[in-house]
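Using full-length UniProt numbering, the first residue of the sequence shown is number 1, and each one after it goes up by one.
Don't be surprised by glycine CBs; every beta carbon is placed ideally from N, CA and C.
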Amino acid sequence: MMQVYLSTKQSSSRENQVPQLVTIDVGIHSRGLLSSNMILLGTHNLSEPLEVDSGELKLLLSPVSSMEPETVQVRLYEHFGPKKRHFVEEKTLYLSHNKTKWCEFDVTSSLQWWLSDKINSKLEIICLNCKSELNVRAAFVNALIFKDTVRRKRSVFSYDQSRRTDCRFTSNSKHKMKCCRHNMTVTFKDLRFPEMASIIQPKNYEAGYCQGRCPPNYNYATNHSRIQTLVHQLDKKIAKQHSRRAIPKACCSPSKLEPLEIIRVDPYNSAKLIVEKWENMEVTECACS
Numbered sequence: 001m002m003q004v005y006l007s008t009k010q011s012s013s014r015e016n017q018v019p020q021l022v023t024i025d026v027g028i029h030s031r032g033l034l035s036s037n038m039i040l041l042g043t044h045n046l047s048e049p050l051e052v053d054s055g056e057l058k059l060l061l062s063p064v065s066s067m068e069p070e071t072v073q074v075r076l077y078e079h080f081g082p083k084k085r086h087f088v089e090e091k092t093l094y095l096s097h098n099k100t101k102w103c104e105f106d107v108t109s110s111l112q113w114w115l116s117d118k119i120n121s122k123l124e125i126i127c128l129n130c131k132s133e134l135n136v137r138a139a140f141v142n143a144l145i146f147k148d149t150v151r152r153k154r155s156v157f158s159y160d161q162s163r164r165t166d167c168r169f170t171s172n173s174k175h176k177m178k179c180c181r182h183n184m185t186v187t188f189k190d191l192r193f194p195e196m197a198s199i200i201q202p203k204n205y206e207a208g209y210c211q212g213r214c215p216p217n218y219n220y221a222t223n224h225s226r227i228q229t230l231v232h233q234l235d236k237k238i239a240k241q242h243s244r245r246a247i248p249k250a251c252c253s254p255s256k257l258e259p260l261e262i263i264r265v266d267p268y269n270s271a272k273l274i275v276e277k278w279e280n281m282e283v284t285e286c287a288c289s
């Protein structure tokens, strides 16, 4: 097992500690079947209590032997004994005849059980509809681990709910339409953007967004916003007479944003994790501007 520490300053406070990235080499054993491979997590000699924040099994699959590409369903099972297995996850993969393919599975719970019991753990890869042999060329596990069995609140992932100015809906339908902050949870992997794919933590966060009407004398962000709204009221009739667009009124938009701390894989060294602060990521207040 190779431990790779985060390339960032570690705070002396326990609450501000960040996890270690641990890479675990695993063994691969072909069962002699067309569609099955066994992944073996061997015994480990870690003496201190560990808590797994997340674990990901990465498999490098060889190209298929047929000349035609294949779309296949691959399942991962965890074995507890000779006749007991537990379904973990299923993936749909597109396999080419001339390119290798990386495949990732979430094995957080399996990894925690393995680290706690210090015994061999077996994971089985099964292809449901492979026309040719499923060959796993390489396999390893990346895990974020804390040296403590008690989960700590970490500043990297914390969010102070009291800072937010969410919409407060009432029976008055007009009030619902006024400018306020709405909830919007963002899951990075769903964005399918290359830079987001390297993010390890947080997997998602509450970004928020602003929406609603900006009636006169309501929640102005600046004096300029107030003046612009007054000018808009005066300009509407004049603009209509001259067949032009009126000066726009103030719009509902973020008036206060907070940064978000990100743990992601170093783009120049995949064996390292880095902590970055991305500015203006969380909307906490909205106003008319």
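Local conformation of residue i per DSSP, three classes
i           : result
N219        : coil
K203        : coil
residue 309 : With the chain covering only 1 through 289, there is no way to say anything about residue 309.
A197        : helix
K99         : coil
K109        : Checking the displayed sequence, the identity of residue 109 turns out to be Ser instead of Lys. In this structure, S109 counts as helix in the three-state DSSP scheme.
R137        : strand
K272        : strand
residue 319 : The chain is shown from 1 up to 289; residue 319 falls before or after that span and cannot be answered.
K237        : helix
Burial state of residue i, where buried means 16 or more other Cβ atoms lie within 10 Å
i    : result
A143 : buried
D53  : buried
P202 : buried
A271 : exposed
E90  : exposed
L273 : buried
S243 : exposed
K249 : buried
Q228 : buried
F193 : exposed
Close-in-space but distant-in-sequence residues of the same chain around residue i (CB under 7 Å, 5 per side omitted)
i    : result
C167 : C180, R181, H182
S65  : S132, E133
G212 : M177, K178, C179, C180, C252
R151 : Here the model assigns R151 a pLDDT of 46, short of 50, so the residue's position is not dependable, and the following value carries that caveat. Once the five neighbours on either side are set aside, the close Cβ partners of R151 are E51.
R25  : Before going on, a small fix: residue 25 reads as Asp here, not Arg. F140.
N129 : V72, Q73
T222 : S289
Whole-angstrom C-beta distance between residue j and residue i, which should lie under 8 Å
i    : j    : result
L57  : A139 : 7 Å
C286 : Y220 : Contact doesn't hold; Cβ gap of about 12 Å is too wide.
L123 : S110 : 7 Å
E279 : P254 : Actually they do not touch by this definition, with Cβ atoms about 12 Å apart.
I145 : V275 : The Cβ separation is near 16 Å, so there is no contact.
E125 : V74  : Rather than Glu, the amino acid found at residue 125 in this sequence is Ile. Rounded, the Cβ-Cβ distance is 6 Å, consistent with contact.
L61  : N135 : 7 Å
E104 : V88  : About 12 Å; that fails the 8 Å criterion.
One or two residues paired with residue i in a DSSP bridge
i    : result
G55  : A143
T185 : E206
T92  : Q73
K256 : E285
C180 : Q211
H86  : E78
K277 : E261
Residues of its chain near residue i, where Cβ-Cβ distance is below 6 Å and the 5 sequence neighbours each way are ignored
i           : result
V107        : G55, L57
S198        : R264, V265
G208        : R181, M184, V283
residue 292 : Summary: the structure shown does not reach residue 292, with the chain confined to residues 1 through 289, and so no result is reported for it.
Cβ-based neighbour list, residue i, same chain, cut-off 8 Å, excluding 5 preceding and 5 following
i    : result
A239 : R245, A246, I247
E68  : H97
W102 : K58, L59, L60, L61
Cβ of residue i within 8 Å of any chain B Cβ
i    : result
H242 : Within the model displayed, chain B is absent; a lone protein chain is all it includes.
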